[in-house]
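Beneath this line is the structure, given in structure tokens, with notes to follow.
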Amino acid sequence: MSKRRPLVAGNWKMNGSQAESTALVNGIKQGLASVNTAEVAVCPPFILIPLVATLLKGSNAVWGGQNLSVHKSGAYTGETAGPMLKDYGSTYVIVGHSERRSYYGETDKLVAEKFGAAQAAGLIPILCIGETLAEREANQTESVVARQLDAVIQMHGIAALKNSVLAYEPVWAIGTGKTATPQQAQDVHAFIRGRLAALDKGVADGMRILYGGSMKASNAKELMAQPDIDGGLIGGASLVAEEFLNICRAA
Ligand code: 13P
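See below:
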């Protein structure tokens, strides 16, 4: 077994009422005892965080934000700061999700700044990287993930990566039902780990690299059996307690 403890994180995206989220979290809590190995996390929308944080108190599951501001506080209407997440007891925060990059214009540089803001607030960033279908078809998968990763390394140094998680999320696999094959995912994960190893072997060996993109209970085992896949970042399938728990059990 890998020396890295797998992490399965649910990215709820912009989904859930208070009632639905309560039922979902209670369902997850009821099943946690049967999750042997994986660390379990959920990333709800900001407005549901007080509710979810309260429900999860005393359980083994942790939670994180889906985004954060680069600023600590101040006149930034509509933004949420890392220290605010920390104040509620956040462990993780997703940065650089492809939906943020494509719909909200987040550049590699801004994502790198958010990565730093997360760590400055005492949060563990889950840095998302991944190529679009056009980029894959143009054989640019490795150059794209390298560019996205290098932006963070250049700004913060390789040592900063020690306290972070990476998520490889091929954009063409997100919400499409089209999962990367275990081999396709493993190839990119191995490339990412190799790139880290060239700079710092310790960071590379300890880095949890999650796969994200249409992961569900039926394909989770095969994906997570790959040597360089250390868990999952789950979208749609994280909104159904039993499905999410089955992914956690598969890790
Ligand atoms: P899906 O699991 O819905 O494809 O979403 C993956 C994702 O974007 C997780 O961050």
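Using the numbering used here, read the sequence shown as starting at -6 and increasing by one per residue. Just so you know, even glycine gets a beta-carbon here, dropped at the ideal spot from N, CA and C.
- Rounded to the nearest angstrom, the gap between the Cα atoms of residue 47 and residue 37 is 13 Å.
- Judged by their CB atoms, residue 223 and residue 186 are not nearer to each other than the 7 Å cut-off.
- In the three-state scheme derived from DSSP, where H, G and I count as helix and E and B as strand, residue 61 is classed as coil.
- With a contact defined as Cβ atoms closer than 8 Å, residue 198 and residue 144 miss out at about 22 Å.
- The Cβ-Cβ distance between residue 242 and residue 28 falls below 7 Å.
- Beta bridge pairing from DSSP links residue 36 with 4.
- Every residue with a CB closer than 6 Å to a heavy atom of the ligand 13P is listed here in chain order: 4, 90, 162, 167, 168, 205, 206, 207, 208, 226, 227, 228, 229 and 230.
- Taking C-alpha positions only, residue 53 is separated from residue 69 by approximately 34 Å.
- DSSP places residue 178 within a helical segment (H, G or I) once states are collapsed to three.
- Taking C-beta atoms as the reference points, residue 162 and residue 205 count as a pair closer than 7 Å.
- Cβ neighbours of residue 140 within its own chain (closer than 8 Å, five residues either side excluded): 101.
- Assignment of residue 96 by DSSP, reduced to helix, strand and coil, places it in the helix class.
- In this structure, the alpha-carbon of residue 239 lies about 36 Å from that of residue 192.
- With 16 or more other Cβ atoms inside 10 Å of its own Cβ, residue -1 counts as buried.
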